[in-house]
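S.K.: Counting in the working numbering, the sequence shown runs from 11 upward without gaps.
Backbone N, C-alpha and C fix where the C-beta goes; we use that ideal spot for every residue, glycine too.
Every value quoted in this text rests on a predicted model; they were computed, and no experiment measured them.
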Amino acid sequence: MPKKIIIAIDGPAGSGKSTAAKNLAKKLGFVYLDTGAMYRAITFLALRNGIVDNPIAVIELTKNIVLKLKFENGLTRVFVNDEEVTEQIRSAEVNSKVSEISAIAQVRQEMVKIQKEQGKNGNIVAEGRDVTTVVFPEADIKIFLTASLDERAHRRFKEFQALNTNITFEEVKANLEKRDRIDSGREVSPLKKADDAIVFDNTGLTPEQDLEFLLEKIKEVLNK
Ligand code: DC
Numbered sequence: 011m012p013k014k015i016i017i018a019i020d021g022p023a024g025s026g027k028s029t030a031a032k033n034l035a036k037k038l039g040f041v042y043l044d045t046g047a048m049y050r051a052i053t054f055l056a057l058r059n060g061i062v063d064n065p066i067a068v069i070e071l072t073k074n075i076v077l078k079l080k081f082e083n084g085l086t087r088v089f090v091n092d093e094e095v096t097e098q099i100r101s102a103e104v105n106s107k108v109s110e111i112s113a114i115a116q117v118r119q120e121m122v123k124i125q126k127e128q129g130k131n132g133n134i135v136a137e138g139r140d141v142t143t144v145v146f147p148e149a150d151i152k153i154f155l156t157a158s159l160d161e162r163a164h165r166r167f168k169e170f171q172a173l174n175t176n177i178t179f180e181e182v183k184a185n186l187e188k189r190d191r192i193d194s195g196r197e198v199s200p201l202k203k204a205d206d207a208i209v210f211d212n213t214g215l216t217p218e219q220d221l222e223f224l225l226e227k228i229k230e231v232l233n234k
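1) Rounded to whole angstroms, what is the Cα-Cα separation between Ala30 and Ile177?
2) Taking Ile66 as the reference, which of Leu215, Arg50, Ile114 and Ala149 has the closest Cα?
3) Are there 16 or more other CB atoms within 10 angstroms of the CB of Ile76, so buried, or fewer, so exposed?
4) Indicate the three-state DSSP secondary structure (helix, strand or coil) for Glu102 in the structure shown.
5) Between Leu85, Lys202, Pro22 and Pro217, which lies nearest to Ala47 when the distance is taken from Cα to Cα?
6) Would you call the CB atoms of Ile111 and Val117 closer than 8 Å?
7) Where DSSP assigns a beta bridge to Asp20, which residues make up the other side?
8) Considering only DSSP beta bridges, list what Asp44 is partnered with.
9) Do the CB positions of Arg87 and Glu94 come within less than 8 Å of each other?
10) Should Gly46 be counted as a contact of the ligand DC given a C-beta to heavy atom distance under 7 Å?
11) Using a threshold of 8 Å, state whether the C-beta atoms of Leu159 and Lys183 are closer than that.
12) Apply the 10 Å Cβ neighbour rule to Val107 and answer buried if 16 or more other Cβ atoms are within range, or exposed otherwise.
13) Heavy atom of the ligand FMN less than 7 Å from the Cβ of Asp205, yes or no?
14) Can you give me the C-alpha to C-alpha distance between Glu181 and Ala157, rounded to a whole angstrom?
15) When you compare only the Cα positions, how much space is there between Thr53 and Ile69?
16) Can Val108 be considered in contact with the ligand DC, in the sense that its beta carbon sits closer than 7 Å to one or more heavy atoms?
17) Determine the closest residue to Val90 out of Asp193, Glu103, Leu71 and Arg196, with distance taken between C-alpha atoms.
18) Could you tell me how far apart the beta carbons of Ile151 and Ile17 are, in whole angstroms, since I believe they sit closer than 8 Å?
19) Between Ala149 and Thr142, what straight-line distance do the alpha-carbon atoms span, to the nearest angstrom?
20) For the 8 Å Cβ check, are there 3 or more pairs between the stretch 95-104 and the stretch 34-51?
21) Alpha carbon to alpha carbon, how far is Arg165 from Ser210? Give it in angstroms, no decimals.
22) So, under 8 Å CB-CB, Pro22 and Asp140 are touching, yes? Tell me the CB distance rounded to an integer number of Å.
Structure below.
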């Protein structure tokens, strides 16, 4: 495989982006860049500092921290100013505020700068909203992963069931539908397929089948 490959994966919530990106990175021995984790880290800090509803203060905070991601044994560890926040960034509070924080244009600018920097070393699988369009428009391979609304809702519903959460399938589906609408319609970096992205609908497929398909596609593209 040639040196310094960038693979970028985007798609709607519940499409299996994270699993696919992690599996690919592991298989290829690449770095996995979880861009969502970065927005989560900022959200966590903003909540802890009591400034989550103050965009100006959040932007200031973003400019003054050192954010580091370490991909080890298939897991991304997240550090802010050398403090590990890997677990804290997955809390319900962070979940409920991260869309607002990630919609602040100047926060995105700062994050994109760090992400581009990470891409310079190549051999990376970057995952998240806008990685195919804004962060790495020059990526060697761009994948837009998707699945039917029903399938994505089923996947999310199963995750909630595993956490013993009292939410119905219909509620999960309605939330997802709403999130699709907000994500696609927002002004800053909306969910949008890059013109040259490979669309992969993985409805009915397992993560193993996803990986097989993606490896095949990557081979095809790189051999062209
Ligand atoms: O993939 P995730 O659930 O960890 O993403 C967390 C939030 O950040 C989600 O609301 C989407 C948003 N996000 C973004 O706006 N841009 C990215 N590059 C990655 C995630």
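M.R.: The relevant details are as follows:
1) 26 Å
2) Ile114
3) The sequence given here has Val at residue 76, not Ile. Result: exposed.
4) Residue 102 is actually Ala in this sequence, not Glu. Three-state result, Ala102: helix.
5) Leu85
6) yes
7) Phe154
8) Glu137
9) yes
10) yes
11) yes
12) It should be noted that the sequence gives Lys, not Val, for residue 107. Looking at its Cβ environment, which holds 16 or more other Cβ atoms inside 10 Å, Lys107 is buried.
13) Absent from the structure shown: the ligand FMN. Ligands present: the ligand DC.
14) 18 Å
15) 11 Å
16) yes
17) Leu71
18) 5 Å
19) 7 Å
20) yes
21) Contrary to the premise, residue 210 reads as Phe rather than Ser in this sequence. So the alpha carbons of these two residues sit roughly 17 Å apart.
22) That belief does not hold up - the Cβ atoms of Pro22 and Asp140 are roughly 13 Å apart, past 8 Å.
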